[in-house]
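Student: Got a structure for you, written out below as C-alpha cells; questions coming shortly.
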Ligand code: ACM
Ligand code: ZN
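Residue numbers (our numbering): 28 to 550.
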C-alpha cells in the first residue's frame, strides 16, 4: 500500500512536470505536445508587416547571446515567425506561442505582446538541453496593466549600465514600468539645465553614515558622495526602456524629502537655511515652504524639463513623509493656510499637491503620489501608491481613484530576506521570498467595481543600505520574480512550491546574466 501511494505521488508529480512550463511568470495556459524543435544556425527568422525591425533585431540579439549564432533574416516564412494579430490574441499585451517540430510561431496582440512572447521563448531556450525545445503551445496575457519595480538612486546611485541591466531583467520577467526615484534628501540625481546648482550642489552630500541608523552614536565615512544623470543619459535610459516595453516614471519628491534641493536653494525652505544634503537616513523636518510662491515656480520649472525627458502618462511627485513642523511655525505657510481657507497643515499639503497636479495637467500628465496624499483631501485625478500597508490603496479605490499596491510588509526589498546571521545590514524587518509571493493585491473588502481601480503592483528598492550594484541585485533577486508573477499570472492555478520549482529552472539564466541573486532562498 505504502509503495502504491509513493508510486501514485511520483506519477502525479511527473504529470505535473509535463503539464507545466518552467516559465516565470507562469503563463495563463501551457500545453505540452509531442515532438521537439531543434534550434540551429540555419533557422531563419521572418516577420509579417507591422512588426518593427527593432523587435526583430532585439529577438535576434537575445537568441544570439544564448545560442551563440545570429538567426538570418528571411523574406519567406521562416522557422521562427513573428506576427501581430489582435483577432487571434484579443488581450492587451498578450501573445500566443506555438513551438512544434518544424518551427516557432509567435503571434502578439500588439508589439508589447509579441515582445513578451519573445521573452518566454528566450526563457525556455535557456532551460533547453542543447537548444532542443519540447513542442508546446502557450496562451498568455497579464493580470494587471501596471507591473512595476522601483529604484531609489538618491541614497546610493547606480550608473547607467546598471540601470540598463535592471531594465533588461525587468523586461525579461514581463514588468512594464520602472519607477525611478530621482530626488531625495541625500542627493538630487537628474540634470535640470535651468538650475546648475542642482548639479553642482544638490547632487552631492558631504559624507555617508556607516552602519545602521539605529547604531548610535552615528559614524560617518568622511567621503563626499554623489553624482547625477545627464539629460542625455536620461534620454538614453528612457529610449532603451521603451524598446523593451518599459515605461519609465520619474519621481520628483515634494513637499518632503527635499533637503538636497534646499541645500542649493535655501530660500525655498521655511527657515531660509542654511541646509545640507542629508548624510544619514530618516525623515527630516526641513521641507519645501508651501507659503512661498517661488517654491512652486522652481518645481514647475523643474517639471517643465522632466516632462520633456519622460513621455510617461504619469509623473510621480512623492508626497510621503512630510513633517509639518516647519510649516506650523512659518509665517508664510500660516498666511497661505489663512488666505486659502485651509483647516490645517494637512490641508496645506493637499493644496501643495493639488497645485502641482493642476500644473501637470496643463502638460497632459497625471500625478502619482504615495498614500499620504490622501491626508487633507486627495487631488482630483491622483493615482495613489499604497505603501504603508494596503489601507491607502483601499481608501483611494473607494473614492474612485486609481491605486497601485506597494505595501511595505510585502514588497519592500530593503528588508531582510533570510534569518542567517550573515545577511548584510538591511533597513528592517523580515520579508522572505515566500511572504512576497503570498501577497494578493486585490483586497477582499472591495466591490468588483471598486477593485477595478487597481492598476497593479510594484516592488520598491530603497537604497540606504545598498552601496553596490551586487548588493542591490542580491536584495532585488529573486524577490522581484515573485512580484512579476503576482503582477502577471492569474491568481488561480499557481502555487509557491511550483514557483520555487520554476525558480530553480531560472537559475542558470540568472547566472548567465550575471545576476548576484540571493542563493540562500533557493535551498
Ligand atoms: C516610502 O517608503 N517612504 C514611500
Ligand atoms: Zn513655510
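A virtual CB, placed ideally from N, CA and C, is assigned to each residue, including glycine.
1) Going by DSSP in three states, residue 212 sits in which element: helix, strand or coil?
2) Just to confirm the assignment: which complete beta strand (DSSP E) runs, minimum length 3, are found wholly within the region 227-294?
3) Please identify the residue among 427, 488, 481, 402 whose C-alpha is closest to the C-alpha of residue 435.
4) Grab the span of the beta strand (DSSP E) containing residue 110 for me, first residue to last.
5) Between residue 194 and residue 204, what straight-line distance do the alpha-carbon atoms span, to the nearest angstrom?
6) Ordered along the chain, which non-local residues of its own chain (more than five positions away) have a Cβ less than 7 Å from that of residue 542?
7) Which residues does DSSP pair with residue 394 in a beta bridge?
8) Just mark residue 538 as buried or exposed, buried being the case when its beta carbon has 16 or more other beta carbons within 10 Å.
9) So, at 7 Å on beta carbons, what are the nonlocal neighbours of residue 367 in its own chain, with the 5 sequence-adjacent residues on each side left out?
10) Who pairs with residue 205 in a beta bridge, going by DSSP?
11) Any chance the CB of residue 224 is under 7 Å from a heavy atom of ligand 1?
12) Out of 386, 139, 247, 217, state which residue places its alpha-carbon closest to the alpha-carbon of residue 19.
13) Is it right to say residue 126 is buried, meaning 16 or more other beta carbons lie within 10 angstroms of its own, or is it exposed?
14) Candidates 502, 510, 371: which alpha carbon is nearest residue 526's?
15) I need the straight-line Cα distance from residue 132 to residue 466, nearest angstrom please.
16) CB of residue 456 to nearest heavy atom of ligand 1: below 7 Å?
17) Can you tell me the Cβ-Cβ gap for residue 86 and residue 145, rounded? I've got them flagged as a contact below 8 Å.
18) Can you give me the start and stop residues for the alpha helix (DSSP H) that residue 426 sits inside?
19) Helix, strand or coil: which one does DSSP assign to residue 414?
20) Let me have the residue list for ligand 1: C-beta closer than 6 Å to any non-hydrogen atom, ordered along the chain.
21) Quick check: the Cα distance between residue 415 and residue 398, rounded to an integer number of angstroms?
Tutor: Taking the geometry as given:
1) coil
2) 274-281
3) 488
4) 107-111
5) 9 Å
6) 196, 500, 504
7) 342
8) exposed
9) 378
10) 176, 275
11) no
12) Outside the displayed span of the chain (28 to 550) sits residue 19, for which this structure offers no information.
13) buried
14) 510
15) 34 Å
16) no
17) 5 Å
18) No alpha helix (DSSP H) holds residue 426; DSSP gives it neither H nor E.
19) coil
20) 347, 348, 397, 414
21) 7 Å
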